[in-house]
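Residue numbering for the sequence shown follows my numbering, beginning at 54 and increasing consecutively. Report on one structure; see the data block that follows.
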Amino acid sequence: MTALQHVKLGTYYVVNMPEPDDFGFWRDRARQLVQCDVPPDRVAWVEPGGTASLFSHGDRRMPVPDLSARPVRASKRFMQLARNAAHHTDPERFALLYRLLWRLQSNPRMMEDKADSDVRRVEELDKAVRRDAHKMHAFVRFRLVEEGDEPEAPEHYVAWFEPDHHILRREAGFFVHRFANMRWSILTPRGSLHWDGETLCEGPPAQKSDAPSGDPAEDLWRKYYASIFNPARLKIGAMLKEMPKKYWKNMPEAALIPELVAGAQQREASMVAEGKADFTAKPETLDAVAKAIHACRNCPIGALENHAVMGEGPRDAALMIVGEQPGDQEDIAGRPFVGPAGQVLDAALEETGIDRSAAYVTNAVKHFKYVQRGKRRLHQTPTAKEVDTCRWWQEAERAIVKPKLVLALGASAARGILGKTVSISKARGEPISLDDGSELWVTAHPSYLLRLDGAAKAQQERLFAADLAAVRARLAELGQ
Ligand code: URA
């Protein structure tokens with residue numbers, strides 16, 4: 054049976070997946086089967102190398118929907134979860150996804166039902182895959198294997214990594230983007246990737262012994278790691294959770310860990326004595342963030358004559374509201390959202406029934422960017438680069454507060470959280486899952502409403518109110 058062959062056996066269908074992570078293939082076949090009214094218990098999804106023993110007779114082909122077949126419904130939330138879940142190693146994942154898709158046709162709001170066992174399971178798969186990807190970004194370590202003999206030949210770096218799920222292809226873009234100018238290979242037991250600076254190729258599974266262990270570049274890496282290692286930040290339990298021991302063996306710097314841990318207390322004491330601020334490691338308290346942002350000069354805005362404005366609100370708030378940057382009045386008061394945009398926000402929150410004092414309110418950029426015009430300081434939108442630079446602080450706040458929901462007000466705030474630009478009109482109305490397990494909801498910035506008038510203003514106010522109402526409903530669902 055070829056990979057692309059689907060066989061209808063009596064009233065059963067067998068779909069042979071060509072790859073264990075081919076979401077597009079699953080989606081096309083699932084759509085076709087739903088349109089032909091094939092219930093989930095009549096389909097077997099078979100991974101490469103697997104067999105559908107219960108369905109081993111008959112040979113009819115996939116059903117073809119007729120032209121009048123109804124379009125298939127799939128909510129944004131379902132598609133988002135399904136795209137990730139398809140990379141899990143659970144052999145039942147494609148069957149689960151098909152069952153959910155089938156059920157969505159008669160119950161379009163099913164994904165909101167947190168008590169539903171299928172919904173819960175797909176959320177678990179999604180989370181496990183995102184966590185695996187996060188670990189891969191953090192723990193892949195390249196080792197130098199060849200110094201090119203020809204003058205033009207670039208050095209070749211090779212990394213060994215053992216992902217839990219089928220994430221290699223999914224994460225290829227991250228490494229290409231990050232190490233675009235290097236020649237590298239990532240070897241894993243599930244397959245390999247090779248980049249020569251221009252072209253990405255896939256290769257077969259590898260063994261750990263195929264990858265080098267130890268090279269001169271590692272000494273450099275160890276020195277670098279020792280220099281950025283921050284003793285004030287050392288929490289052994291958290292370190293083990295974030296950097297499970299199973300990854301240590303592939304990381305050159307892990308050899309240093311016992312030594313660094315032992316010296317940590319001493320170094321912390323001397324840092325405090327010298328009064329040095331720390332810009333290499335994420336602060337672990339809101340006070341530490343507040344102190345650090347005042348001294349931050351990592352982008353040109355920090356160099357203006359102004360104050361950094363720290364977020365405010367409970368340290369364990371379930372909702373974090375993120376704006377763009379402080380305005381003139383916020384810069385003077387040293388508090389977020391106290392000027393005209395803050396008044397619009399406060400009124401809308403109150404009308405929706407969201408208690409601002411229970412939320413943690415902050416900004417994607419901590420300093421006010423402006424141009425002076427006579428006595429007035431006129432707001433200037435921060436550049437994407439400035440937002441990306443300041444992301445460090447907003448992420449530190451988020452890691453400390455650990456909100457369940459994040460509400461981004463406007464495009465700069467959304468970029469500050471996602472690290473990429475999204476269109477508000479496309480992103481609003483549905484949650485976006487974040488790597489830390491929280492949900493991002495996106496809406497317009499209140500200043501945008503202030504700039505409109507007439508029918509456009511009324512329409513945008515309605516949309517803004519609807520977005521806040523969705524956040525309120527979600528908070529209630531989460532028991533907040
Ligand atoms: N606009 C923002 O985005 N944040 C503030 O704090 C004030 C105005």
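Note that beta-carbon positions come from the ideal geometry of N, C-alpha and C, so glycine has one too. A quick note: this is a predicted structure, and the numbers were derived from the prediction, not measured.
Under the assumption that R388 contacts D399 (Cβ atoms under 8 Å), give the Cβ distance between them as a whole number of angstroms. With a Cβ gap of about 12 Å, R388 and D399 do not count as contacting.
Could you give the residue range of the beta strand (DSSP E) that holds V342? Element bounds for V342: not the beta strand (DSSP E) but the alpha helix (DSSP H), 339 to 348.
How long is the line joining the alpha carbons of I477 and A181, rounded to whole angstroms? 28 Å
What ranges does the beta strand (DSSP E) occupy inside the region 130 to 207, keeping only unbroken runs of at least 3 residues that lie completely in it? 196 to 199
With I453 as the anchor, note down where its alpha helix (DSSP H) starts and where it stops. 437 to 454
Can you determine whether any heavy atom of ligand 2 sits closer than 8 Å to the C-beta of S500, and answer yes or no? This structure simply doesn't include ligand 2; it includes ligand 1 instead.
Local Cβ density within 10 Å of S121, reported as buried at 16 or more and exposed below that: exposed
Could you compute how far the alpha carbon of H218 sits from the alpha carbon of Q433? 44 Å
Own chain, CB closer than 8 Å to M235, minus 5 neighbours either side, in chain order: F195, P207, E208, Y210, W248, G250
Please name the residue, chosen from G427, Y151, P118, that lies closest to V99 on a Cα-to-Cα basis. Y151
Buried or exposed by the 16-neighbour rule on C-beta atoms within 10 Å, applied to V391: buried
So, helix, strand or coil for G256, using DSSP? strand
Could you give the DSSP three-state label for V96: helix, strand or coil? strand
Going by DSSP in three states, H218 sits in which element: helix, strand or coil? coil
Three-state secondary structure (DSSP) of S245: strand
Are the CB atoms of D166 and L153 within a distance shorter than 9 Å? no
Best match in Q133, E448, E215 for proximity to D179 [C-alpha to C-alpha]: Q133
Around the C-beta of N11, are 16 or more other C-beta atoms found within 10 angstroms, so that it is buried, or is it exposed? With the chain covering only 54 through 533, there is no way to say anything about residue 11.
First and last residue of the beta strand (DSSP E) that includes E404? Counting along the chain, E404 falls outside any beta strand (DSSP E), though it belongs to the alpha helix (DSSP H) covering 393 to 405.
Pair every Cβ in the region 401 to 418 with every Cβ in the region 364 to 375, then say whether three or more of these pairs are closer than 8 Å. yes
May I ask you to report which of helix, strand or coil DSSP gives A378? In the sequence on display, residue 378 carries Gln and not Ala. Q378 falls in the coil class under three-state DSSP.
Through-space distance from P116 to F131, alpha-carbon basis: 24 Å
Cutting at 6 Å between CB atoms, please list the residues of its own chain near A259, excluding the five before and the five after it. L240, S245
Does the beta carbon of L157 fall short of 8 Å from some heavy atom of ligand 1? no
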